[in-house]
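Novice: Residue numbers for the sequence shown follow the UniProt record's numbering, beginning at 1 and rising by one.
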Amino acid sequence: MMKSVLGGALAMGIVGASTAVSHLLIDAPLFTAQAIRYAAAALMLILAARVLGVRVPMPRGPEWLWLIGVAAIGQVLFNIGVVRGLAHAEPAVLAVAVAGAPVIVAVVGPFLEGGRPRAAALAAAGVVVAGSGLVIGFGRTDPTGALLALLLLACEAGFTLLAVPVIGRLGAWGVSVHAVWLAAVMFAVIALPLEGPAAALSLTGPAWASIAFLAVAVTAIAFVCWYSAVRGLGSDRAVLLAGLAPVAAALAGVALVGGVPGPGVWAGMGLVAAGLAVGLRRPRLTAASTPGGLA
């Protein structure tokens, strides 16, 4: 269990701390940059799997649909929603919406795993989401921004939930490899007609550095760590670790910019820690426990 917790925590820590790096791509051609990022990450995952001797199963039948969903909703649509959302809402609004994913996963995830939602997991998810909101803060938006924030919430939850039905057979590596190369293809299909094949030539040195970091750390490493946590802990407990992303972002901001977080941020960090302490405890096994549940 501890290995899964540490893996999930590492994944969310990387995602949260990478916020500053992602800002280097604000002026870059979005779809081209993302296509390069995901293509590079897919290549690295395939090479790493061979070097480490990890078997990557091929999807079968309906498994392709779940993986296409992970790529299309959890990666492509999510990135489009972020870009469009920033035109209508402050970043904090979108971040708070994304931070609400643990509640959705805590409700839906156990059903996909053959079990039922646990009261402790739901309570812990609520505490983590509340803490994340305090850490991130709140901002202004218009009706379109609010709708896009809800879209991002659905995409973030879908990134985990759509992988649940296939992660048992494909494993964390299988889901990561196939979802990543599928996303690379999707981004390339969008980029070519909208941005043109020469768009890559407009990328600056900092943009290339950002793409490299996102490909290696946020995609290749974080994806495998995250899906390993989902497989090992069950989706409802693993998703609680998403509360570490805003905490890592806040701490990274302190390291890069300086200053001391306000009382609300510290209170939010405390709530996230409390939610994790409650939600990650190994549940008791009783006669009424559902045999299919991973939680």
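Ideal placement from N, C-alpha and C gives every residue a C-beta, glycine not left out.
Between Leu151 and the rest of its own chain, which residues show a CB-CB distance below 7 Å, the 5 nearest in sequence each way excluded?
Specialist: Taken in chain order, the residues that qualify are Gly81.
Novice: Please classify Ala87: does DSSP put it in a helix, a strand, or coil?
Specialist: Ala87 falls in the coil class under three-state DSSP.
Novice: Using only the alpha-carbon positions, how far apart do Phe138 and Val96 sit?
Specialist: Answer to the nearest angstrom: the Cα atoms are 7 Å apart.
Novice: Going by beta-carbon coordinates alone, are Val5 and Ala124 separated by less than 9 Å?
Specialist: No, the pair does not count as a contact, with Cβ atoms beyond the cut-off.
Novice: Check whether the Cβ atoms of Ala218 and Ile14 lie closer than 9 Å to each other.
Specialist: In the sequence under discussion, the amino acid at residue 218 is Val, which differs from the Ala named in the question. Cβ distance < 9 Å, so Val218 and Ile14 count as in contact.
Novice: Distance check for Ala101 and Ile136, CA to CA, integer angstroms please.
Specialist: Rounded to whole angstroms, Ile136 to Ala101 spans 14 Å at the Cα level.
Novice: Would you please state the rounded distance, in angstroms, between the beta carbons of Glu113 and Ser235? I believe it to be under 8 Å.
Specialist: At roughly 7 Å, the Cβ-Cβ gap stays under 8 Å, so Glu113 and Ser235 are in contact.
Novice: So which of Gly109, Ile190, Phe187, Ala199 has the shortest CA-CA distance to Ala157?
Specialist: For the residues Gly109, Ile190, Phe187, Ala199, the minimum Cα distance to Ala157 belongs to Gly109.
Novice: In chain order, what residues of the same chain lie with their CB nearer than 6 Å to the CB of residue 302, ignoring the 5 residues before and after it?
Specialist: In this structure the chain extends from 1 to 295, so residue 302 is not present and cannot be described.
Novice: Whole angstroms are fine: how far does the CA of Val189 sit from the CA of Ala39?
Specialist: C-alpha separation (whole angstroms): 13 Å.
Novice: Considering only the beta carbon of each residue, do Leu240 and Leu280 sit closer than 9 Å?
Specialist: Result yes, Cβ atoms of Leu240 and Leu280 sit closer than 9 Å.
Novice: I'd like the list of long-range same chain contacts for Cys155, defined as Cβ closer than 7 Å, with 5 residues on each side in sequence excluded.
Specialist: If we look at Cys155 and ignore the five residues flanking it on each side, its Cβ neighbours are Ile73, Gly74, Leu77, Phe78, Gly81.
Novice: Between which two residues does the alpha helix (DSSP H) carrying Ser4 extend?
Specialist: Per DSSP, Ser4 belongs to the alpha helix (DSSP H) from 2-17.
Novice: Could you work out which residue in Glu195, Ala11, Ala28, Met2 is closest to Ser210 when comparing CA atoms only?
Specialist: Taking only the C-alpha atoms, the option nearest Ser210 is Ala28.
Novice: Within this structure, are the beta carbons of Leu272 and Val247 separated by less than 9 Å?
Specialist: Here the sequence assigns Val to residue 272, which means Leu is not the residue at that position. Result yes, Cβ atoms of Val272 and Val247 sit closer than 9 Å.
Novice: So what does DSSP say about Thr141, is it helix, strand or coil?
Specialist: Strand at Thr141.
Novice: Would you kindly work out how many angstroms separate the C-alpha atoms of Gly262 and Glu90, rounded to a whole number?
Specialist: Near 20 Å, if we compare the C-alpha coordinates of Glu90 and Gly262.
Novice: Among residues of its own chain, excluding the 5 on either side of Gln34, which ones have a beta-carbon nearer than 7 Å to its beta-carbon?
Specialist: The residues are Asn79, Phe187.
Novice: For the putative contact between Ala268 and Gly126, defined by C-beta atoms under 8 Å, what is the C-beta separation to the nearest angstrom?
Specialist: A quick correction: the sequence has Gly, not Ala, at residue 268. Contact doesn't hold; Cβ gap of about 13 Å is too wide.
Novice: With DSSP as the reference, label Ile26 as helix, strand or coil.
Specialist: Of the three classes helix, strand and coil, the one that applies to Ile26 here is coil, per DSSP.
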